[in-house]
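**Q**
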Amino acid sequence: MADAIDSPTPPPAPAPGGSKLVPALLALNLLVVAALLAVFLLRGGATGAPVAAAAGAAHGKEGAAAPPGPTIKLADFIVHLRDTDADRYARVTFDVEVATEEDRTRLTPLVPRVRDAFIAYLSDRTVEELRGSDAIARTKAALSERLGALAAGVEIRALYITDLVIQ
2 MADAIDSPTP
12 PPAPAPGGSK
22 LVPALLALNL
32 LVVAALLAVF
42 LLRGGATGAP
52 VAAAAGAAHG
62 KEGAAAPPGP
72 TIKLADFIVH
82 LRDTDADRYA
92 RVTFDVEVAT
102 EEDRTRLTPL
112 VPRVRDAFIA
122 YLSDRTVEEL
132 RGSDAIARTK
142 AALSERLGAL
152 AAGVEIRALY
162 ITDLVIQ
């Protein structure tokens, strides 16, 4: 009897043929991933159809995105920022997108006024008012409003900050 207690009994041998649950789950997982990938690619991914439809609706062409319009590159703006602790400077470059070449021609003579308004606005900002994505969005909104007031007869599509360096 002592021999029966001391000797371990071998574990039962796995059934021949094995379980079909693991391969079935792997196949199901593969199908789900493939379906999600297909939906993602067919809908245009992260930058596809929903954004294009919204852009098309904004321009009155439902379902079709408007092509980019002509742009005017404004020369670098180097402004002294309002800061009491130290002399701080910002270098900012803008591109203005307009609807047509005619709008571009009408905006070109207004560039000195636009530069003056932008410099006046930017030189009244502090470093904290220009740092971060929220601050950049507020700055673009304020400058777009000023641009729209200065160029009333020009259809401005967008104002892009293409370079921003704060020292």
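Just add 1 to wherever you are in the sequence shown, counting from 1, and you've got my numbering. The beta carbon of each residue, even a glycine, is placed where N, CA and C say it ideally should be.
1. Rounded to the nearest angstrom, what separates Val-99 and Ala-121 at their Cα positions?
2. Measure from the alpha carbon of Leu-108 to the alpha carbon of each residue in Glu-129, Leu-123, Arg-89, Pro-71, then state which is nearest.
3. Going by DSSP in three states, Glu-103 sits in which element: helix, strand or coil?
4. Going by alpha carbons, who is nearest to Thr-85 out of Arg-158, Leu-75, Ala-143, Asp-125?
5. May I ask you to list the residues that DSSP assigns as paired with Val-97?
6. In the DSSP assignment, the alpha helix (DSSP H) including Arg-117 goes from what residue to what residue?
7. By Cβ distance, which residues of its chain are closer than 7 Å to Lys-141, with the 5 residues on each side in sequence left out?
8. In the DSSP assignment, find the unbroken alpha helix (DSSP H) run with Val-40 in it and report its ends.
9. With Thr-140 as the anchor, note down where its alpha helix (DSSP H) starts and where it stops.
10. Which of helix, strand or coil does DSSP assign to Leu-82?
11. How long is the line joining the alpha carbons of Ala-25 and Leu-32, rounded to whole angstroms?
12. With 16 other CB atoms within 10 Å as the buried threshold, where does Ala-150 fall?
**A** The answer reads as follows:
1. 23 Å
2. Pro-71
3. helix
4. Asp-125
5. Ile-73, Leu-160
6. For clarity, residue 117 is Asp in the given sequence; the question names Arg instead. Asp-117 -> alpha helix (DSSP H) spans 112 to 124.
7. Leu-160, Ile-162
8. 22 to 43
9. 134 to 151
10. coil
11. 11 Å
12. exposed
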